[in-house]
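The next block holds one structure in the form of structure tokens; read it before the comments.
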Amino acid sequence: MIDLSNENIIHIKGKDIEYLQFRKLLDYKIKHCYTLSTNNFDAFGNKTILGNEDKLIENYKKICAELNINYKQIVRPKQTHTNIVECINAKNDDIDLFSTYINVDGLLTNKNNIALSLGFADCTPILLYDTENKVIGNIHSGWRGTLQKIATVAIEKMKKEYNSNPENIIACIGPCIKQCHFEVKQDVYELFYKEFSYMSDLQNIIKREKENYKIDTTLININLLKEAGLKEDNIIDSKICTVCNSNYMHSYRAKGEKAGRNTAIMCM
Ligand SMILES: [Zn+2]
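Residue numbers for the sequence shown follow the working numbering, so the first one is 120 and each next one is one higher.
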């Protein structure tokens, strides 16, 4: 079995569940994970949840037991590729799956014992932590969310709602479709060019390959986070492509509509 650990990531192999953690977030004792698809672990997509909620809760119980989180603390929004980020200030004593936060793609909280969970299959997870004001964030930045600059929206919201200083924020970029596999046609290329052609490293962000283009959404998100005031040293990249590793993680590019979801969870 492969080990996906690298200088930024630790690959944890539990009894019947495997997941990744960021070394940097462990330094601050932040409970978190990015689950893998090994042992058929699936956090389910929004389409496949229907009729499968029991199975989903069973899986949440499993991963929460590993992370020492009460599964009832889980909040999971219904993600629809928006740039909407919500603050969670209180929570009922029950797991909240897809019911309260609809059309939401980022969650923030400064409360202990609220577990922010989102689902991913190639889209970029960005886990945020303000080390001074103790605020966490879990952001779903797919290519549409990246175009809408959800990372920027999240940092602005942390400043406004929690008085965060961007210099104190750590951003961990989870596994996602990397430039090696994010090949797009003219239409999507034009959308990216329109938003990001001002960036000084454009030649690295968009590479032409015959009739198509390969886009580095990780680099775009790193640039957006730096523009928002984060220190370069505080931006941590997992350096893992979900498509290259689709034997171990759910990937939309690799599996299409049948793809399950990896879940990123974060909790103080
Ligand atoms: Zn790849």
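Just so you know, even glycine gets a beta-carbon here, dropped at the ideal spot from N, CA and C.
Between the Cα of Val303 and the Cα atoms of Asn284, Thr201, Asn331, which residue gives the shortest distance?
Asn331
DSSP state of Cys183 mapped onto helix, strand, coil
DSSP places Cys183 in helix when its eight states are reduced to three.
Considering only residues of the same chain and omitting the five flanking positions on each side of Val362, which have a CB-CB separation below 6 Å?
Ile296, His300, Ser370, Arg372, Ala373
Helix, strand or coil: how does DSSP classify Lys143 here?
helix
Residue from Asn353, Asp335, Ile136, Ile289 with nearest C-alpha to Ala162:
Considering only alpha carbons, the answer is Ile136.
At a threshold of 7 Å, does Val362 count as lining ligand 1 (C-beta to nearest heavy atom)?
yes
Within 7 Å: the Cβ of Lys374 and any heavy atom of ligand 1?
Relative to ligand 1, the beta carbon of Lys374 is positioned no closer than 7 Å to any heavy atom.
Go ahead and label Ser218 buried or exposed: buried means 16 or more other beta carbons lie within 10 angstroms of its beta carbon, across all protein chains shown.
The residue is exposed, with fewer than 16 neighbouring Cβ atoms inside 10 Å.
Let me know if Lys143 comes out buried or exposed under the rule of 16 or more other beta-carbons within 10 Å of its beta-carbon.
buried
Within 10 angstroms of the Cβ of Lys377, are there 16 or more other Cβ atoms? Answer buried if so, exposed if not.
exposed
Buried or exposed by the 16-neighbour rule on C-beta atoms within 10 Å, applied to Glu185
buried
Per DSSP, what are the beta-bridge partners of Val194 in this structure?
Asp215, Leu235
Please give the ranges of any alpha helix (DSSP H) in the segment 252-335, keeping only runs that are unbroken, at least 4 residues long and fully inside the region.
262-266, 269-281, 305-315, 321-324
My output table needs one value for Asn342: the three-state DSSP class, helix, strand or coil.
helix
If you drop the 5 nearest sequence neighbours on each side, which residues of the same chain put their C-beta closer than 7 Å to that of Asn282?
Cβ-Cβ distances below 7 Å link Asn282 to Asn252 in the same chain, with the five nearest sequence neighbours on each side left out; the list follows chain order.
Quick one: what's Asn381 bridged to in DSSP?
Phe239.
Report the three-state DSSP secondary structure of Tyr371 (helix, strand or coil).
helix
Met385, buried or exposed, once every other Cβ within 10 Å from all chains shown has been counted against 16:
buried
Is the segment 306-322 close to the segment 257-270, with three or more CB pairs under 8 Å?
yes
For a test of the three-state rule: what should DSSP assign to Lys134, helix, strand or coil?
coil
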